[in-house]
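A.B. asks: So the sequence shown is residues -22 to -1, 1 to 89, counted in mature numbering (1 follows the signal peptide of the UniProt record, and there is no 0). Here you go, one structure.
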Amino acid sequence: MKIKTAIALASMTFLSTSQAFASNCIYGCPTGKSGLTIERTIYTLHNDSNTKFATWVSYKVTKKTIDGPSRSRTWRADPDIHSSHTLEPTDYTDAASVLGVDRGHQVPLAA
């Protein structure tokens, strides 16, 4: 059993990046919008550089993502999105009362 497990784990190393993230968009990720698609282990998102919001976010729902680890929320800019294409912390001032939105909540905290 240990040998089969080792072989399975070793074969995972050879997956291409697109295969490794394919489970985030089980029917294929949406296309056609300009902007930047960012792939992470637990989610994939498309950031619209005009609106500075995610056009879409896709992730697999599992017990781990729903009951994810209890940790504090440390908001920070995504280093893969140019600063001119993302919102600043001050952009969220009064956003909850004016727009009915607040910062984050695009993917589970487990991400």
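Cβ coordinates follow ideal geometry from the N, Cα and C atoms, glycine included.
1) Mind checking which residues open and close the alpha helix (DSSP H) that includes Ser75?
2) What is the DSSP secondary structure of Arg81, reduced to helix, strand or coil?
3) Out of Lys30, Lys11, Val39, which has the shortest C-alpha to C-alpha gap to Thr19?
4) Indicate the three-state DSSP secondary structure (helix, strand or coil) for Thr33 in the structure shown.
5) Keeping to the same chain, check which residues put their C-beta closer than 8 Å to that of Ile4; ignore five residues upstream and five downstream.
6) Does DSSP classify Ile16 as helix, strand or coil?
7) What is the C-beta distance between Asn64 and Ala55, in whole angstroms, given that I count them as a contact (C-beta under 8 Å)?
8) Are the CB atoms of Asn28 and Ile59 nearer to each other than 9 Å?
C.D. replies: The answer reads as follows:
1) Membership of Ser75 in the alpha helix (DSSP H) is indicated by the continuous run 73 to 76.
2) In this structure, Arg81 counts as coil in the three-state DSSP scheme.
3) From the listed residues Lys30, Lys11, Val39, the smallest Cα separation to Thr19 is found for Val39.
4) Thr33 sits in a strand when the DSSP states are folded into three classes.
5) Residues Lys38 of the same chain have their beta carbon placed closer than 8 Å to that of Ile4, with the five preceding and five following residues left out of the count.
6) Of the three classes helix, strand and coil, the one that applies to Ile16 here is strand, per DSSP.
7) Note that residue 64 corresponds to Thr in the displayed sequence, not to Asn. By a beta-carbon distance limit of 8 Å, Thr64 contacts Ala55. Their separation comes to about 6 Å.
8) Contact: no.
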